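Trainee: Just passing along the structure, written as C-alpha cells.
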Amino acid sequence: MSDTMKAPPSEVSEIVDVLFAHKDMVRKYTPGGRYIDMQSDVDSPWVPFGENAAIKHLAFDVRQNAWSNVLWMKGPGTIGTHLHRGTVTMVCITGSVRYLEYDWVASPGGLILEVPGEAHTLVTDHPEGCRLFGWMQGPIEFYDAEAKFIEAIDVWWNMKHYETYCEENGIPINEKLYL
Ligand SMILES: [Fe+2]
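Numbering (the working numbering), first residue to last: 622 to 800.
Here it is, written out as C-alpha cells:
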C-alpha cells in the first residue's frame, strides 16, 4: 500500500479547532458551507421552463458566470440546439437523456461533460423525461432551426428567472443560493 497519503480516515468523531489565521474574515465575508435541499421545494421552487420542463435553481456565482440547477424534463422532449462558451458538468438523476449529435444515452448516475465550442441538441425519449443536476458556465447561446441566434443564457438570466418567479408567487429570495 502506498504511504504517500498522510491523512487517514479518522477514528474519532469530534470537532477539532483548527488554528486558521483568517477564520474571522471567512466568517465575516462568506455565507459559509451550506446545505441546499434539491429533493423538496424548501430551498428553491420549480420554475417553469417552457411547456414541459422546469428548473430548480441551486446556486449562482456571478464572478464565474456559473450556476447550478436541476433541469426537469417532465416527459419526452427537446432542448433546442445551443452552443456552449463555457463548461458543463452534469449528472443524470432520473430517466434518460441523449444528444442528437452523439451516440450515447445517459442514464441515472451517469456523468455528462460538455466543453466550450460544442453545439448540440438535447433529447429525452424516456416516458418520464429526465432530471439532470448540473454546474454550468455561461454563456450558452441558443439557435433556431435556421441556425439564427435567439438568446444567450448566463448567470444573470438564471437569477432573473428565479427571482421573477419568486416575486410573482410571494416566495422569499433564498440568500443561500448566492455564492
Ligand atoms: Fe449543452
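Cβ atoms here follow ideal geometry from the backbone N, Cα and C, with glycine treated the same way. As the structure is a computational prediction, the values presented were derived from the model and not from experiment.
Can you tell me whether DSSP reads MET626 as helix, strand or coil?
Mentor: Coil, per DSSP.
Trainee: Ligand 1: which residues have Cβ under 7 Å from any of its heavy atoms, chain order?
Mentor: Residues flagged by the Cβ proximity filter: HIS703, HIS705, VAL709, GLU735, HIS741, LEU743, ILE761.
Trainee: Starting from MET757, follow the beta strand (DSSP E) in both directions and report where the run begins and ends.
Mentor: MET757 -> beta strand (DSSP E) spans 751 to 758.
Trainee: Taking just the CA atoms, how far does TYR783 sit from TYR723?
Mentor: Taking the straight line joining both Cα atoms gives about 31 Å.
Trainee: Could you give the uninterrupted runs of the beta strand (DSSP E) lying entirely in the segment 685 to 761, keeping only those of 3 residues or more?
Mentor: As far as the segment 685 to 761 is concerned, its whole beta strand (DSSP E) runs of at least 3 residues are 687 to 694, 698 to 705, 709 to 716, 718 to 720, 732 to 735, 740 to 745, 751 to 758.
Trainee: Drop a sphere of 10 angstroms on the beta-carbon of LEU585, count the other beta-carbons inside from all chains shown, and report buried for 16 or more, exposed for fewer.
Mentor: Only positions 622 to 800 of the chain appear in the structure, and residue 585 is not among them; the question remains open.
Trainee: CB-CB under 8 Å to PRO793, same chain, minus the five flanking residues each way: which ones, in chain order?
Mentor: The answer, listed in chain order, is CYS787.
Trainee: Would you list the residues sitting across from ALA768 in a DSSP beta bridge?
Mentor: In the DSSP output, where bridge partners are listed per residue, ALA768 has none listed.
Trainee: When DSSP builds the beta bridges, which residues end up paired with ASP682?
Mentor: The partner list for ASP682 (beta bridge, DSSP) reads ALA687.
Trainee: Where do the N-terminal and C-terminal ends of the beta strand (DSSP E) with VAL663 fall, by residue?
Mentor: VAL663 -> no beta strand (DSSP E), and no H or E assigned at all.
Trainee: May I ask you to report which of helix, strand or coil DSSP gives TYR656?
Mentor: It is coil, neither helix nor strand.
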